[in-house]
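The following block contains the structure:
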């Protein structure tokens, strides 16, 4: 059996990082539905979550309802919510300067978010980074995508660590506590890769 080459290992590592960003994007963008919670119960998915120290509840309608309540209490309100928007954390207002930059990246990546999704929502930002990293892992010339991923991370992802820590502190479910804690740690570890890269 042939051993994978260094570039194949790098490609796999980048694709795995993209998958983590995609998962975090989905869990932070909106409430979890029963279909996604059921998917998390599959053996490979469950193992990956365990490796990330993420605790997924049983796939039941009651779990979905409890997670929806927790998501709303964390990110939407009615009081003491943790806004998942970069402009609130960077500019102390909604629709700050980062929104224009996000529109440019959305155009570059050809992502079209739902009209209701604010352009500087962490869920969308993680989705953009996942798409850039996946393109990097599939490209014959990954350096261009690596530069784009680094610029995007610095401009639109690294801000999120304190927000995610605050969200973990606000979460009542093991699921959102573990997702937000893992996301904060993952972004912190990614910062050293992007900045050192």
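In my numbering, the protein residues as written are 82 to 278. Where a beta carbon is used, it is the ideal one built from N, C-alpha and C, also for glycine.
Short Cβ contact (8 Å threshold) for residue i with residue j
i	j	result
residue 179	residue 167	yes
residue 140	residue 118	yes
residue 238	residue 268	yes
residue 211	residue 129	no
residue 110	residue 202	yes
residue 209	residue 190	yes
residue 155	residue 252	yes
residue 163	residue 248	yes
residue 145	residue 196	no
residue 254	residue 151	yes
residue 47	residue 165	Nothing about residue 47 can be read from this structure; the chain reaches only from 82 to 278.
residue 182	residue 227	no
Local Cβ density within 10 Å of residue i, reported as buried at 16 or more and exposed below that
i	result
residue 262	buried
residue 137	buried
residue 273	exposed
residue 105	buried
residue 218	buried
Residue i (DSSP reduced to helix, strand or coil)
i	result
residue 279	Missing from the structure shown is residue 279; the chain here goes from 82 to 278 and no further.
residue 262	helix
residue 218	helix
Assumed close pair residue i, residue j - CB separation to whole angstroms, cut-off 8 Å
i	j	result
residue 242	residue 275	With 8 Å as the limit, residue 242 and residue 275 do not qualify as a contact, their Cβ atoms being about 13 Å apart.
residue 205	residue 215	Between residue 215 and residue 205 the Cβ distance is about 16 Å, and since that is not below 8 Å, they are no contact.
residue 93	residue 256	That pair is no contact at about 27 Å.
residue 271	residue 234	7 Å
Sheet register partners of residue i (DSSP bridge)
i	result
residue 126	BP columns for residue 126 are empty, so no partner.
residue 202	166
Any C-beta of chain C under 8 Å from that of residue i
i	result
residue 226	Going by chain labels, chain C is absent from the structure shown, which holds only one protein chain.
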